[in-house]
Structure formats: structure tokens, C-alpha cells
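Numbering (this note's numbering), first residue to last: 121 to 279.
By construction, the Cβ of each residue, glycine as well, lies at the ideal position given by its N, Cα and C atoms.
Computed from a predicted model, the values in this text were never measured in an experiment.
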Ligand SMILES: [Cu+2]
């Protein structure tokens, strides 16, 4: 009885070890939320780097954001324009472990991931705290009105 339990235990362990590298290399959308929480909890937030992106009619500055996988970041998104603007980047949001989004005045939201963030005109700002996980280049665009057609798009790269 004990031998058989041991065998089953070793077999399970063997399967888990074999499966782990596959899971790490897997698709972002398939990563369990618990894994993202572990990444956020394990990150050294004292070594966090701050990056600012400004939104206005009709552009992102800079239009290409580059982050290093595994490095914790605060990305401050500032709307310096006179219309509202979106930071829409669903594939990027799926490729990161999100800690929270914070507004200095209004509080913070903790969620496993976002699809789009909207900043109000004339100084609206949201800060995204995250750890980049999956390397790649992801599209960024504004879903407000015809802004994307007017050229309001960019990219977010994790390297
Ligand atoms: Cu816009």
C-alpha cells in the first residue's frame, strides 16, 4: 500500500517537472492567474523603474515603449491633450503580471489584467504597476472616436 502511494507520488512529481518548462513557454492567455500573482509577489518593487507616456491629439509620446522582462515598472499614462484618450493594448496586458492601476487622487484598482485604460483630458493620469513576462511586440492604440485612423497608435515591446 505504501509502495504504491510512493510510486504514484513519484510519477506525479515526474510529470509535473516535465510539464513545468512547457507551461513557462506557453501562451500568455493560458497562464493561470495564480502564476501572475506569484510573479508580482516575488518582484523586488524597491528596484521598480518609472516610465512616462503622454497621450494627446493624436499620438503617444514615446510611440514605442520598451520594457525588460522580469523588471518591475510603474508606467504613468498622462493625458496632456484636450480630448479623452485610451491606452488600449490587450495583447500587452495579457503578456504582463499586473499588480495594480493607481490614480493618485482616486485610489487604486487591483485586477489580474486590463484590456484598455482611459485617461480624462487635461492631465488625467493612471499609473500601471506591473512586471513584463512574455517577450514580444504588441500593438497600442486609442479606441476613442477616429483617433487611431488619425495616427494615434504605437507599440509596446517586451525584450
Ligand atoms: Cu485618443
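For my contact list, residue i and residue j are in at a C-beta cut-off of 8 Å; report their separation, rounded to the angstrom.
i	j	result
residue 214	residue 275	Contact flag wrong, Cβ pair sits at about 15 Å.
residue 273	residue 258	At roughly 11 Å, the Cβ-Cβ gap does not stay under 8 Å, so residue 273 and residue 258 are not in contact.
residue 252	residue 189	5 Å
residue 239	residue 246	6 Å
residue 278	residue 254	6 Å
residue 206	residue 236	5 Å
residue 178	residue 243	Their Cβ separation, rounded to whole angstroms, is 18 Å, which puts residue 178 and residue 243 out of contact at 8 Å.
Quick one: Cα of residue i to Cα of residue j, how far?
i	j	result
residue 145	residue 157	Confidence at residue 145 is low in this model, with a pLDDT of 44, below 50, so its placement is unreliable and the value that follows should be read with caution. Roughly 17 Å separates the two Cα atoms.
residue 234	residue 208	9 Å
residue 193	residue 266	30 Å
residue 167	residue 197	20 Å
residue 180	residue 201	11 Å
residue 154	residue 204	34 Å
residue 170	residue 199	17 Å
residue 222	residue 175	17 Å
residue 220	residue 160	10 Å
residue 227	residue 212	23 Å
residue 107	residue 264	Lying outside 121 to 279, the shown extent of the chain, residue 107 is not represented and no answer is given.
residue 241	residue 256	30 Å
residue 187	residue 152	22 Å
residue 217	residue 210	13 Å
residue 224	residue 268	28 Å
residue 141	residue 191	No answer about residue 141 holds up, because its pLDDT of 38 lies below 50 and its placement is not dependable.
residue 173	residue 250	15 Å
residue 182	residue 195	12 Å
To which residues does DSSP link residue i through a beta bridge?
i	result
residue 197	173 and 246
residue 239	205
residue 153	Residue 153 pairs with nothing; no bridge assigned.
residue 252	216
residue 186	277
residue 181	174
residue 270	DSSP, once it has assigned bridges, lists no residue as partnering residue 270.
residue 229	221
- Message: So if I measure from each beta-carbon to every heavy atom of ligand 1 and keep distances below 5 Å, which residues remain?
- Response: 205, 262, 264, 267 and 272
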